[in-house]
Structure formats: structure tokens, C-alpha cells
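Visitor: Mind having a look at this structure? Questions to follow.
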Amino acid sequence: MKTTASVNIDVHHLTRVEGHGNIRVNMTNGVVERCEWQVPEAPRFFEAMVRGRHYSEVARITSRICGICSIGHTLASVKATEAALGIEVTEQTKKLRRLLKHAENFDSHVLHVYVLVAPDLLGAPSVFPLVETHGEVVACALRLKRLAHEWGSMIGGRTTHPTTVVPGGFTKLPTVAEVTVMRDRLLEAVPDLAATLATVRALAPNIPAFKRPTEYMAVTSDEEYGLYDGYIQTILPDGDRARYEVADYRSCTNEYVVPQSTAKFTRNRLNSYAAGALARFNVNYDRLHPEAKEVAGSLGISPICTNPYMNSVAQVVEIVHSAYESLHLMDELIADGIADEPLVAPTKAGTGASAVEVPRGILFHEYTYGEDGFCTGADCIIPTGQNHANIQADFTALLPWLIGAGKNENEMRLAFEMLVRAYDPCISCSTHYLDVEFVR
Amino acid sequence: MGKPKIAFFDFTSCEGCQIEFTNYGDEATLELLKHVELVEFREAMTETTDGPIDIALVEGSFTRDADRDRLLEIRRRARYVIAYGACACTGGVNALKNHQDDFSEYVYGDDSVMPHLESGTARPISAAIEVDYEVRGCPMSKDELLLVISNLLHGTEHVVPSHPVCVECKRRETICRYDEGDHCMGQVARAGCGAPCPADGIPCEACRGFVDEPNIRALEKVLMERAGFSQKRAVGKSRMFTANLRS
Ligand code: SF4
Ligand code: SF4
Ligand code: SF4
């Protein structure tokens with residue numbers, strides 16, 4: 452590539468993402484001096500803080516790693532605790548937890564697509580000016596958001612740091628009457644979903660056509676799309692798959708330190724991998740609900756999609772998947788009834804790991820407990836931590852692509868910001884602090 | 720006069736309190752937007768402001784000296800500062816590490832000496848600047864936040880309760896956790912949340928902090944005598960969300 456262009460992009464504390472991240476790109480007369488994604492978030496030390504805590508308290512602490520994915524963190528935490536303590540929960544518990552997981556994905560994706568991504572595509576700085584110009588779109592987003600919050604609260608007690616989800620089951624169960632009301636409300640929301648699809652379809656041409664093949668990692672199950680439970684599966688752009696057991700998660704996350712920086716990155720078969728909606732879509736496409744597959748077709752996304760910006764489109768596909776799967780789960784609960792079940796008690800002590808999909812990707816928790824039920828050690832690997840190396844690799848490929856496309860500095864800045872937002876990063880989950888510094 | 724300008728700022732936190740803000744749904748959110756002008760909210764908008772702010776909402780605890788300047792700047796520009804969420808009001812769950820001295824080595828190993836991993840004591844933002852109102856809870860009580868904002872807009876003084884959560888528990892006729900063979904901290908936890916936790920079958924862990932002049936000795940005694948905790952567990956338990964309010 453021949454260019455004499457100079458570029459200077461410095462985005463301090465990127466907006467419309469969770470947590471704090473910076474974008475720094477410097478190029479002088481065609482020479483790239485710096486093109487980096489930085490995370491200056493204050494470290495929080497959760498893995499240290501749960502030591503000495505009773506197993507009944509650990510999920511309540513580690514859910515506070517992230518307020519947006521707190522349902523996923525709670526589920527990952529109780530599942531790891533259950534694995535460590537030899538607790539096998541009932542089918543009813545699993546079904547309710549799946550329903551809760553769908554509520555979280557639906558909720559978070561609605562928020563991300565409407566509030567964080569749509570303004571970019573509509574050329575607005577945020578969702579608030581859209582109240583004047585696109586009032587119905589905003590009202591629809593807020594209605595769907597509220598529905599998801601109430602649907603999650605029906606099962607989890609509340610959606611920010613759920614109360615009822617504990618090792619061994621639930622401390623409080625929804626009634627069949629409550630599930631029935633929620634099912635009807637979800638059915639009524641289908642027109643709002645259609646409006647979402649129409650909005651995204653209209654905006655899709657504004658999504659950059661950038662592509663960068665990478666490895667994709669997601670929780671997979673033989674029976675379903677695999678959000679709540681399953682094994683780890685990755686897929687390469689050529690379709691080659693690899694399977695890993697959850698207990699061996701370290702062998703596919705491979706945290707490492709970059710020589711030029713103090714950052715912990717992850718990698719597996721390639722130098723970086725992607726987690727999140729697009730990764731799940733690529734890995735688990737076959738298990739999507741038929742309605743979601745149809746929506747995918749109409750939005751022009753098919754596996755294996757290597758455009759990272761399409762993560763937001765994959766989120767829309769998942770919104771539809773979660774709605775229909777949940778209607779099905781609710782039907783089953785209404786037909787079978789909800790039995791009052793006591794919590795399942797521990798049968799052993801030791802170490803246990805879990806993997807759960809949170810909206811932003813695969814999440815691992817692992818704990819060790821002593822005979823007295825007190826935690827002696829913890830490890831949490833969060834999705835954004837796994838995506839940082841991939842975001843950085845996208846950055847490195849994006850700059851020449853943007854120059855080749857003749858973009859000016861403002862367009863480039865927006866393209867970089869949109870790329871990070873597409874990943875929907877969740878930077879405040881800094882259990883593993885990253886300081887990305889690439890010096891070229 | 721135009722609409723009062725409201726801005727959101729975040730420090731060390733999980734941002735769950737901001738998420739609670741998005742949980743108001745269509746009616747409350749659209750209604751609120753009729754009365755206030757949001758001028759800064761990094762998580763949700765690109766716009767920022769350097770000008771004066773009527774109400775600054777601050778989330779998260781104060782853990783690094785570098786954060787002090789940002790807080791002073793917010794204080795300088797804001798007529799009212801509202802700390803919202805346990806992290807901002809007491810240091811919250813972040814303060815659990817204040818009782819450990821090896822947290823950094825445990826998480827970062829040999830890298831822990833690096834300067835960017837510096838993390839001091841997690842403190843409430845009132846340790847750095849004067850705070851006018853506090854909205855407690857982990858997550859904060861969103862109804863209380865609306866009430867505080869509404870009171871400010873109407874010029875009414877906001878009163879924070881200082882009775883224990885047990886009162887609210889009794890009011891909603893929840894069976895006491897102790898009668899279920901469990902434990903609870905509601906006797907000394909500050910009310911105002913409506914006691915959702917015992918009603919959902921889990922103990923109150925005083926995420927809203929303590930009542931004025933709590934009798935912590937008595938709490939530990941109850942945890943030991945009625946819940947059968949060891950002294951170590953009783954002391955640890957009573958620090959859960961209130962590590963900064965405990966010795
Ligand atoms: S108070 Fe709780 S919910 Fe709010 S930011 Fe802090 S940890 Fe998150
Ligand atoms: S459950 Fe807790 S808050 Fe409720 S009455 Fe008992 S001790 Fe008090
Ligand atoms: S019941 Fe206790 S732990 Fe629950 S919200 Fe109220 S103060 Fe917080």
C-alpha cells in the first residue's frame with residue numbers, strides 16, 4: 452500500500468461502551484507509528500476477594516464483576532461452585548436458568564443494538580436526540596428493554612445481581628400464573644421485534660464491509676444453541692472445528708503476556724480468537740431456532756461470517772432466537788407445572804469450572820473449596836479479556852483497509868469506534884487487567 | 720430557566736447502577752427526559768460537556784489518587800453531587816480487598832509491582848469530595864434515585880430512612896430468615912429498599928450500609944448464636960458490602 456497520508460486519532464474514554472477504553476492511532480507520511488486499543492480501567496481484584504468466603508456468598512460477590520452481564524456471572528459462578536461441590540441440579544432448575552439466560556441476552560442485545568450501535572448508523576451522537584427524530588424507535592427499544600427486565604426479574608428476583616439464583620437451585624420460584632402472563636407479554640412483543648428488524652434492515656447498508664477471518668469460540672451443546680451449558684467449541688474460517696472440555700478451559704484460552712506490553716492476551720489455534728454473538732452464530736448456526744435462521748437470511752448474514760461489525764447483526768438474530776426459544780420453554784413450564792424443590796446439597800469439596808455464554812462471549816469461572824465450604828481460590832476469564840487481542844488484530848488490519856477505501860480521518864475515527872462498539876466490550880470486568888501497548 | 724442539566728460519571732464499579740437506570744422502561748424514562756436534559760452519560764452517549772451541571776450522578780468507588788482530580792472537577796462544575804450505588808456511597812464490594820494485603824500478587828503474580836496496577840484503598844467518593852445526596856444499594860434503589868431527583872426538582876428535602884431492614888421485612892410479612900434456619904443482617908442494615916432479599920429467600924447483606932449507630936457486636940453475636948457461625952465467619956459476613964464501615 453502506497454500512501455503519504457497522516458492520521459492522528461486519539462479517543463480518550465470511548466463512549467457507549469461499558470468500562471474505559473482508549474483508541475490511539477498515529478500515522479505520519481504513510482508510516483504507522485501506533486495503532487492501538489488501550490484499557491485504562493482500574494483493577495478490581497475479585498479473584499482475591501472471594502477467598503475465605505462461604506460458597507453461598509461467592510456468586511453474590513463475583514456477580515459484581517459486571518452489572519450488564521450479572522446474570523451470566525451469577526450463573527457461571529453457581530455452576531462452577533456446583534461442579535466443585537458435586538451438586539447436580541434438577542431439570543427444572545436448568546430450564547429456569549436457561550430462560551433467565553435468554554432474558555439476559557435479549558435484554559443486553561436490545562440495549563446494545565438500539566442504544567449503543569443504532570445512533571452510529573443513524574448518524575446521531577446518542578439515543579437521546581433520537582427521542583425527537585425517531586420517537587417510535589426509542590419507545591420500542593424501551594418497551595423491549597422493560598419486558599426483558601421483568602422477564603428476568605420473574606426468575607432471578609432482579610436482573611442486576613439476581614437474588615434467587617444460588618448453588619443448588621433457586622430460593623424462590625416463579626408461579627405458573629406469572630410465567631403465563633410473561634408468555635403472553637412476550638407474544639405481544641413480536642410486533643416490536645418486527646420493528647427492530649425493519650430498523651436494522653434499513654440501517655444494514657451503513658455497516659462497513661470490512662472482513663478479517665479469525666477463530667471463533669463458543670459454548671456448544673448437542674441439544675441446543677448452548678448459552679447456558681455445554682462444552683467449548685471453536686471454528687476456524689475454513690470450517691475446521693475443535694472441541695474442549697470446560698474443565699480444560701485453560702488449554703484453549705492460553706493467557707499470555709505480549710513482549711511489548713504488560714497485557715494478558717488469550718489465543719488458541721490462531722494468534723487471537725473472537726467470542727460473542729458472531730462467534731456463537733458461526734459456531735452454533737445449525738442450532739438456531741428456524742425463525743432466527745430466517746431473520747439471519749433476511750439480514751444477509753450467514754456462517755462463517757468474518758466481518759466483526761456484523762456482531763451487532765448476529766445479536767439481532769439472537770434476540771429473535773431467545774424470544775422463540777423462551778416462548779417454547781415457557782410453554783413447557785406451563786404444561787408441566789413448577790414444583791417446589793429444596794436446594795440440592797453439596798456432596799464433596801474440591802475444584803470446579805464452568806462456562807456460560809454472556810452477551811459478549813464465553814465466560815469462565817473456576818473455584819476451589821475446602822471441606823468447610825469456604826473458598827480458597829478463584830479464576831475468572833471474561834469475554835472482553837479474550838476479545839482484546841482480536842480487537843487489536845482487527846485494528847491492525849482495519850487501518851490499511853480504511854486508507855485503501857480513501858476514508859478521511861473523521862470517517863476512520865468513527866470506523867474504529869464502531870469496531871470496538873460492535874464487540875460490545877465490557878471493560879469494567881477487569882478481573883484480568885489489560886494494558887495494551889503496541890509500539891511499532 | 721431551561722431544563723436542569725444532569726450528567727453521569729463512573730469510577731471503579733461494575734456499572735450495574737447505570738444499568739438499573741436503563742431499567743425504568745419506557746414510561747418513567749420518557750417522562751424523566753421531559754423534565755431534565757442529559758448532558759453527559761459516557762456509557763450511553765457520545766456528547767460530553769465542560770460547562771456547569773445542575774446534578775452530577777457519580778457511580779463507583781474512589782480507589783486511585785488519579786481519580787481525585789476528576790472528582791474535584793466534577794464537584795467544581797456541579798450544583799449538586801449525588802453518589803449512587805454502594806460503591807460510591809461506602810466503597811461497596813470493592814472495599815473487601817481493603818482487608819487483604821496480598822490481593823495484587825494473588826491476581827497478577829510477578830506483574831503486580833507494575834505501576835499501572837496500582838490500586839489503593841477503595842473508598843466512598845465522599846473521601847474525595849463533598850456529596851449532597853446518597854442513593855444506596857448494590858445495585859442502587861432506582862425508585863429512590865427518581866425520588867431524590869424529583870425532590871431536587873421540586874425543592875423538597877429528601878429524607879433517608881435510618882430504621883433497619885427488619886422493619887420493612889415485617890411490613891411485607893416475610894418469614895424471617897432465622898426462622899428458616901438461615902442467617903441475616905437486616906437488624907442493622909439501613910432500610911429503604913423494601914427488603915427484597917429476605918422476600919426472595921436470601922439473607923439481607925446490608926448492601927445499603929448500616930443504620931446510624933449500628934450495634935455490630937450484637938449482630939456478630941446473633942450470627943454466632945442463632946445462625947451457628949464461627950466468630951471468623953460472623954466477622955467476615957458482617958463485612959460483605961460494608962467492609963469500610965467495619966473495623
Ligand atoms: S453498587 Fe453494586 S451494582 Fe452499583 S456499581 Fe457498585 S457493584 Fe455495581
Ligand atoms: S429476614 Fe432479616 S431483615 Fe427480615 S426480619 Fe429476619 S433478620 Fe430482619
Ligand atoms: S434487603 Fe439488604 S441486601 Fe437486600 S437490597 Fe435491601 S439492604 Fe440490600
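These protein sequence lines are chains X and B, in that order. Residues 452 to 891 (the working numbering) are what the first sequence spells out, left to right. Residues 720 to 966 (the working numbering) are what the second sequence spells out, left to right. Glycine residues also receive a C-beta, built at the ideal position from the N, C-alpha and C atoms. These numbers come from a predicted model, not from an experiment.
(1) Who are glycine 803(X)'s beta bridge partners in DSSP?
(2) State the Cα-Cα distance for the pair tyrosine 506(X) and phenylalanine 825(X), rounded to the nearest angstrom.
(3) Could you check whether the segment 758-766 of chain X touches the segment 785-798 of chain X, counting it as contact only if at least three pairs of C-beta atoms, one from each stretch, sit closer than 8 Å?
(4) Does the distance between the C-beta of arginine 927(B) and the nearest non-hydrogen atom of ligand 4 fall short of 7 Å?
(5) Could you tell me whether the Cβ of alanine 728(X) comes closer than 8 Å to any Cβ of chain B?
(6) Phenylalanine 557(X) and serine 749(X): beta carbons closer than 8 Å?
(7) Considering only residues of the same chain and omitting the five flanking positions on each side of glutamate 739(B), which have a CB-CB separation below 7 Å?
(8) With three or more beta-carbon pairs closer than 8 Å as the criterion, would you say the segment 907-918 of chain B touches the segment 887-896 of chain B?
(9) With burial defined as no fewer than 16 other Cβ atoms inside 10 Å of the residue's Cβ, what is the status of lysine 816(B): buried or exposed?
(10) Looking only at C-alpha atoms, which of Thr479(X), Ala575(X), Ala592(X), Thr541(X) sits nearest to leucine 749(B)?
(11) Please determine whether the Cβ atom of glutamate 899(B) lies at a distance below 7 Å from any heavy atom of ligand 3.
(12) With DSSP collapsed to three states, give me the class of leucine 721(X).
(13) Could you check if arginine 909(B) is buried or exposed, using at least 16 other CB atoms within 10 Å of its CB as the buried criterion?
(14) Going by DSSP, name the residue or residues bridged to proline 883(B).
(15) Tell me the rounded alpha-carbon separation between glutamate 759(B) and cysteine 733(B).
(16) Name, in chain order, the residues that DSSP records as bridge partners for tyrosine 799(B).
(17) Look at the Cβ atom of threonine 671(X), then the Cβ atom of tyrosine 679(X), and state whether they are nearer than 8 Å.
(18) Using a threshold of 8 Å, state whether the C-beta atoms of glycine 812(X) and alanine 655(X) are closer than that.
(19) Kindly say whether lysine 662(X), judged by its beta-carbon, lies nearer than 8 Å to any beta-carbon of chain B.
(20) Report the residues of the segment 502-523 of chain X with a CB closer than 9 Å to any CB of chain B, ordered along the chain.
(21) Just to confirm my understanding: we take valine 561(X), look at its own chain, exclude 5 residues before and 5 after, and list those with CB closer than 7 Å. What are they?
(22) Hey, is lysine 552(X)'s beta-carbon within less than 8 Å of any beta-carbon in chain B?
(23) If you draw a straight line from the alpha carbon of lysine 662(X) to that of threonine 757(X), how long is it in whole angstroms?
(24) Would the beta-carbon of arginine 909(B) be found less than 7 Å away from any heavy atom of ligand 2?
(25) What separation, rounded to the nearest whole angstrom, lies between the Cα atoms of histidine 740(X) and glycine 905(B)?
(26) Answer yes or no: do glycine 727(X) and tyrosine 874(X) have a C-beta to C-beta separation smaller than 8 Å?
(27) Ends of the alpha helix (DSSP H) at glycine 744(B)?
(28) Just the Cα atoms here: how many angstroms apart are threonine 584(X) and isoleucine 474(X)?
(29) Since histidine 612(X) meets chain B, which of its residues come closer than 8 Å, beta carbon to beta carbon?
(30) Taking 7 Å as the cut-off, does the CB of threonine 782(B) come closer than this to any heavy atom belonging to ligand 1?
(31) Alpha carbon to alpha carbon, how far is leucine 814(X) from methionine 943(B)? Give it in angstroms, no decimals.
(32) Between which residues of its own chain and aspartate 823(X) is the CB-CB distance below 6 Å, once the five residues before and five after are set aside?
(33) Straight-line CA distance for glycine 874(B) to glutamate 792(B)?
(34) Taking 8 Å as the cut-off, does the segment 790-810 of chain B touch the segment 842-857 of chain B (at least 3 CB pairs, one atom from each stretch)?
(35) Would you mind sorting leucine 776(B) into buried or exposed? The rule is 16 or more other CB atoms within 10 Å of its CB.
(36) Cα separation between proline 723(B) and alanine 743(X)?
Guide: So, to answer that:
(1) DSSP, once it has assigned bridges, lists Tyr818(X) as partnering glycine 803(X).
(2) Taken atom to atom, the span from the alpha-carbon of tyrosine 506(X) to that of phenylalanine 825(X) is near 6 Å.
(3) When C-beta atoms of the segment 758-766 of chain X are compared with those of the segment 785-798 of chain X, fewer than three pairs fall below 8 Å, so the two segments do not count as touching.
(4) Of the ligands this structure carries, namely ligand 1, ligand 2 and ligand 3, none is ligand 4.
(5) Closer than 8 Å: no.
(6) No, Cβ-Cβ distance for phenylalanine 557(X) and serine 749(X) is not below 8 Å.
(7) Counting only Cβ-Cβ distances below 7 Å, and skipping sequence neighbours, we find Pro858, Met859, Lys861.
(8) Output reads yes: the segment 887-896 of chain B touches the segment 907-918 of chain B.
(9) Answer is buried; the Cβ neighbour count reaches 16.
(10) Comparing Cα-Cα distances from leucine 749(B) to each of Thr479(X), Ala575(X), Ala592(X), Thr541(X), the minimum goes to Ala592(X).
(11) No, ligand 3 has no heavy atom inside 7 Å of this Cβ.
(12) Here leucine 721(X) sits in coil by DSSP.
(13) By the 10 Å Cβ count, arginine 909(B) comes out buried.
(14) Answer by DSSP bridge pairing, in chain order: Arg909(B).
(15) Using only the alpha carbons, I get a separation of about 19 Å.
(16) Answer by DSSP bridge pairing, in chain order: Ile774(B).
(17) Their beta carbons are not under 8 Å apart, which means threonine 671(X) does not touch tyrosine 679(X) by this criterion.
(18) Pairing glycine 812(X) with alanine 655(X) gives a Cβ-Cβ distance that is not under 8 Å.
(19) No, its Cβ sits nowhere closer than 8 Å to a Cβ of chain B.
(20) Taking 9 Å as the Cβ-Cβ cut-off against chain B, the residues of the segment 502-523 of chain X that qualify are Arg502, Gly503, Arg504, His505, Ser507, Glu508, Arg511, Ile512, Ser514, Arg515, Ile516, Cys517, Gly518, Ile519, Ser521.
(21) Cβ neighbours of valine 561(X) beyond the five flanking positions: Ala592, Leu595, Lys596, Ala599, Ile770.
(22) It does not; no Cβ of chain B falls within 8 Å.
(23) Each residue's Cα considered, the two are about 5 Å apart.
(24) It does not: the Cβ of arginine 909(B) is nowhere closer than 7 Å to a heavy atom of ligand 2.
(25) Inter-residue distance for histidine 740(X) and glycine 905(B) is about 45 Å (C-alpha atoms, whole angstroms).
(26) Their beta carbons are under 8 Å apart, which means glycine 727(X) touches tyrosine 874(X) by this criterion.
(27) Run containing glycine 744(B): 744-754, per the alpha helix (DSSP H) assignment.
(28) Looking at the two C-alpha atoms, the distance is approximately 30 Å.
(29) Near histidine 612(X) (Cβ distances below 8 Å), the residues of chain B are Gly735, Cys857, Pro858.
(30) No.
(31) Roughly 36 Å between the two C-alpha positions.
(32) In the same chain as aspartate 823(X), and ignoring 5 residues on each side of it, no C-beta atom comes closer than 6 Å to its own.
(33) Using only the alpha carbons, I get a separation of about 25 Å.
(34) Cβ pair count under 8 Å is three or more, so yes.
(35) Buried.
(36) Going by C-alpha positions, proline 723(B) is about 43 Å away from alanine 743(X).
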